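The structure under discussion appears below in the form of structure tokens.
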Amino acid sequence: MAKPVGFGDLPPPLQDYLDKVYQRADARIGAVIARHGLAPGLSGALAVERVAILADELAPVAELVAAGGAEIACRKGCAFCCSHTVDVTPDEVFAIADYLARQLDPDQLAAVKRRAAAADAVLHGLPPVERHAKRLFCPVLDPSTASCLAHPVRPNACQAYLSVDLARCEADFHEPPQPVEQPTVAPMIASVVDRTCSFALDDAGAPTLSLELIAALLAAWGEPDAEARWFAGEAIFAGARSFTS
Ligand code: SF4
């Protein structure tokens, strides 16, 4: 079996590049935490900055893809990848829950929660490959527009899932699993941004966890003052750990 590639196995110029991504991300994320403090609402503020950082850091990737004669195929209203399992951190869950509570009317929010409960009843505890094979969409997806209802604060994993071949995404949705061609460096950059956020939150006193998005949203909705309780160290996500953690 091939050995997993670690940071130290990468070519030195790529290590230097990713280290600079880390330094830029660390400065921006650290500024948000210093400004906001470990208080409810930090997750939402952090998510807005994280999405902006990743957009900035992925822009050169899209340019490289274009220079090679291809293009990023991802477009608003295309949701073939939104049936994959999404691993998230607690701050990403609170950011989505806060954003939906502010943006949706009570009926729309209740519909999202109903979709989440229905999806979780089918998918909970299954390995990601089996979950994907069920072809159930994420409850945060608007069924009428196939757009993400939490797009400005979407998880790092969703934002970094870039495809250069729409036909492969469609095939992966209808007959999973299928390989989807993606720019190799995009998940590396996303991983650096993700870890930078997690390290910064750890340092501030909010320990990170790897969670499955749907179960974690249900846990957050089910606990009053969930974000403050996470900051205080309560184990509110016990039933929502990611399959791979
Ligand atoms: S959070 Fe948004 S982008 Fe991510 S899977 Fe759900 S609907 Fe799709």
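If you want the numbering used here, it's the position in the sequence shown, counting the first as 1, plus 3. Just so it is clear, CB atoms sit at the ideal spot from N, CA and C, and this is done for glycine as well. Computed from a prediction, not measured in an experiment: that's the story for all the values here.
Mapping DSSP to helix, strand and coil, what is residue i?
i: S150; result: strand
i: L17; result: helix
i: A238; result: coil
i: V143; result: coil
i: D22; result: helix
i: D90; result: strand
i: A5; result: Low per-residue confidence applies at A5: pLDDT is 45, beneath 50, and the placement is therefore not dependable, though the value from the model is reported in the following sentence. Residue state, collapsed to three classes: coil.
i: V64; result: helix
Does the beta-carbon distance from residue i to residue j come in below 8 Å?
i: F97; j: E230; result: yes
i: A76; j: S166; result: yes
i: I190; j: A163; result: The question names Ile, but residue 190 in the sequence shown is Pro. Going by C-beta atoms, P190 is nearer than 8 Å to A163.
i: V156; j: V51; result: yes
i: R171; j: V188; result: no
i: A82; j: A174; result: no
i: F176; j: R134; result: no
i: G40; j: Y102; result: no
i: W233; j: A207; result: no
i: V89; j: P158; result: yes
i: S201; j: R244; result: no
Check the C-beta distance from residue i over to residue j and give it rounded, since I have them as a contact under 8 Å.
i: L152; j: D94; result: No, L152 and D94 are not in contact; Cβ-Cβ is about 18 Å, not under 8 Å.
i: I192; j: E60; result: 5 Å
Per DSSP, which one or two residues make a beta bridge with residue i?
i: R244; result: L214
Residues with C-beta closer than 6 Å to any heavy atom of the ligand SF4, in chain order: The set of residues with CB atoms less than 6 Å from any heavy atom of the ligand SF4 reads, in chain order, C85, V89, C141, V143, L144, C151, A153, R157, P158, C161.
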